[in-house]
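With the numbering used here applied, the sequence shown covers 3 to 462. Structure record follows, encoded as structure tokens.
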Amino acid sequence: MRVRTGVTVLAVMLLAVTATGAAPAPVPASEANTAPSHCGSRERVSVPGAEFQTTACLRDMTTAALAGTQYTDSTDWSPLFAKGTKNPSGVPGVQIDGYFPDSSRLNATHGWKHDAQFVIRLPDRWNGGLVVTGAPGNRKQYSLDPLISDWVLAQGYAFASTDKGNSGPDFYTDGTRPGDAVAEWNSRTTELTRAARKTLQHAYGHAPRRTYMTGTSNGGYLTRWQLENHPELYDGGVDWEGVLWTEGGPNLLTYLPTTVAYRAGAAGADDMYAAGFAPGSEFLWPYHQSAYWGLTQKVYRAEFDPMYDPDCPGASAGSTTAEILAPCASDASYDYAARPRSVHRAVERVSLTGKIGKPMITLQGSLDTLLPIATDSDVYTRMIDDQHRARLHRYYTIEGGTHVDGLYDTYPDRLRPILPCYRSAFEALTQWVERGAAPPASRTVPKPASGDVVNSCALG
């Protein structure tokens with residue numbers, strides 16, 4: 003997409019903020035666990051529609067082996083999971099990195115400075131399935147490597163991930179009209195799914211027998227949107243705390259202004275509860291106030307409503323971490339309902355309906371303090387019910403879960419990671435799709451009083 007204004011690629015990722023340095027320096031093939039002998043013709047496979055690609059035969063495509071090499075970017079995923087998370091390793095295969103044609107330049111990974119970047123991983127021992135995802139927040143294509151890629155590769159799935167066509171806190175500068183940047187996320191995910199399916203057919207001699215869509219945060223939104231709009235491409239999906247966009251609300255722009263007002267002293271705790279934030283989540287408010295709320299409100303408001311305050315954030319969210327995270331003072335009084343119809347039309351372009359066409363499992367933490375569960379998955383589940391699609395859906399509220407699992411390490415007595423519940427949900431989905439075994443009924447999954455909550459979770 004064409005960029006509206008000049009931007010600086012910065013080091014803070016929206017919806018999952020982390021200090022991010024430059025892309026890892028390429029590691030010589032002799033030091034990067036390459037082993038061409040076992041890959042055969044798969045090493046020569048091309049991705050349909052790609053403008054550029056590189057291919058490597060690797061002894062191990064998991065983060066245990068790839069961290070510190072050119073084949074992943076640990077700065078993009080480092081705070082997303084709890085310490086003590088156990089991940090599999092030792093999965094040989096072919097990794098394809100590249101990009102589709104795109105005119106924007108927000109993603110500097112590999113020094114390419116080119117958006118629409120992707121990674122596709124083809125295991126030597128393929129189970130016939132494909133898992134597709136898109137980056138959470140405004141991270142990039144490797145951000146889910148330890149959360150999703152490692153685990154599904156070890157089960158034999160091929161894996162494909164996209165940067166969604168724009169990344170970083172200046173993502174809103176991509177496109178020519180309000181809503182273009184977010185709309186591109188959906189089209190890029192569809193593009194990658196189609197290309198990955200054809201790539202697997204060329205690599206293994208047949209198309210994938212099962213294709214699953216999944217993701218967290220913005221990736222959960224992508225899962226919802228794809229199963230609503232392109233169910234023909236997928237057999238099912240797992241939606242991990244997807245962002246809810248609806249034209250009439252709720253959406254980010256209907257409740258985040260309250261958080262900006264709260265920071266400014268113009269709103270109190272009762273206003274926060276009324277906006278949807280859960281009682282009991284107060285201990286998480288200071289962190290989110292400093293790292294999430296102001297940034298998220300200002301950049302999404304700039305994406306859908308750039309004329310509200312053209313000077314803030316302006317052409318860039320900032321050039322320092324402090325500038326990037328700082329809210330716009332004007333957002334404390336932002337009233338989405340009163341904004342012009344053009345703003346609502348921009349949101350409508352990317353809105354969800356609940357009309358999913360394939361089985362889907364949704365998970366969200368009861369203490370999500372970026373996307374309050376009361377204004378997100380609770381609402382989306384009702385939307386699915388209203389579309390008479392409840393038979394295709396299960397919804398699990400994870401007691402003590404919050405938006406980013408890394409916060410568990412700070413509050414182990416109050417929180418629990420959602421990742422093990424996500425993995426249980428993925429297994430439940432595949433059993434549902436492939437064997438007709440219905441998952442447990444929708445419910446709240448209680449936090450156990452003892453046991454390894456970092457690596458285990460029983461949904462039923």
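Note that CB positions come from ideal geometry on N, CA and C, so glycine has one too.
Distance check between residue 453 and each of 94, 54, 177, 419 places 419 closest, using alpha-carbon atoms only. Runs of alpha helix (DSSP H) with 4 or more residues, each lying fully within the segment 296–340, are found at 323–327, listed in chain order. Per the Cβ contact rule, the segment 191–200 is not in contact with the segment 354–372 (fewer than 3 Cβ pairs under 8 Å). Per DSSP, the unbroken beta strand (DSSP E) holding residue 98 starts and ends at 95–101. Looking from the CA of residue 394, the closest CA among 402, 167, 426, 442 belongs to 442. Annotated as distal: residue 75 and residue 120, with beta-carbon spacing of 9 Å or more. In the structure shown, the three-state DSSP call for residue 135 is strand. Residue 433 is classed as exposed because its beta carbon has fewer than 16 other beta carbons within 10 Å across all chains shown. Put simply, the backbone Cα of residue 51 is about 29 Å away from that of residue 242. Residue 208 counts as exposed, since fewer than 16 other C-beta atoms from the protein chains shown sit within 10 angstroms of its C-beta. For residue 215, the number of other beta carbons within 10 angstroms of its own is at least 16, and it is reported as buried. Comparing C-alpha distances from residue 366 to each of 379, 354, 355, 356 shows the shortest one belongs to 379.
The segment 183–194 makes no contact with the segment 325–336, as fewer than three CB pairs between them are under 8 Å. Between the alpha carbons of residue 53 and residue 149 lies a distance of about 28 Å. Sorting 99, 348, 417, 300 by C-alpha distance to the C-alpha of residue 329 places 300 at the top. According to the DSSP assignment, residue 343 belongs to no beta strand (DSSP E) but to the alpha helix (DSSP H) extending over 343–350. In the three-state reduction of the DSSP assignment, residue 384 falls in the helix class, which pools H, G and I.
Per DSSP, residue 447 lies in no alpha helix (DSSP H) segment; the continuous beta strand (DSSP E) that holds it begins and ends at 445–447.
Residue 169 counts as buried, since no fewer than 16 other beta carbons sit within 10 angstroms of its beta carbon. For residue 119, the uninterrupted beta strand (DSSP E) run begins and ends at 119–125, by DSSP. Under DSSP, residue 428 takes part in no beta bridge, so it has no partner. Under the three-state reduction of DSSP output, residue 42 falls in the helix class. Taking 9 Å as the cut-off, the beta carbon of residue 254 is found closer than this to the beta carbon of residue 373. Look at residue 366 here: in three-state DSSP terms it is strand. Each residue's CA atom was taken as its position, placing residue 400 and residue 447 some 5 Å apart.
Judged by DSSP in its simplified three-state form, residue 154 adopts helix.
Nearest to residue 248 by alpha-carbon distance, out of 385, 229, 331, is 385. If only complete runs of 3 or more residues are kept, the segment 388–415 shows the beta strand (DSSP E) at 395–400, in order along the chain. In this structure, residue 192 lies near residue 235, with their beta-carbon atoms less than 9 Å apart. Counting along the chain, residue 60 sits inside the beta strand (DSSP E) bounded by residues 54–60. For residue 131 and residue 48, the gap between their C-alpha atoms comes out near 19 Å. Of the residues 116, 421, 423, the one whose Cα lies closest to the Cα of residue 55 is 116. Contact check for residue 97 against residue 60 passes: the beta carbons are separated by less than 9 Å. When beta bridges are read from the DSSP output, residue 264 appears opposite no residue. Using a Cβ distance threshold of 9 Å, residue 66 and residue 152 count as a contacting pair.
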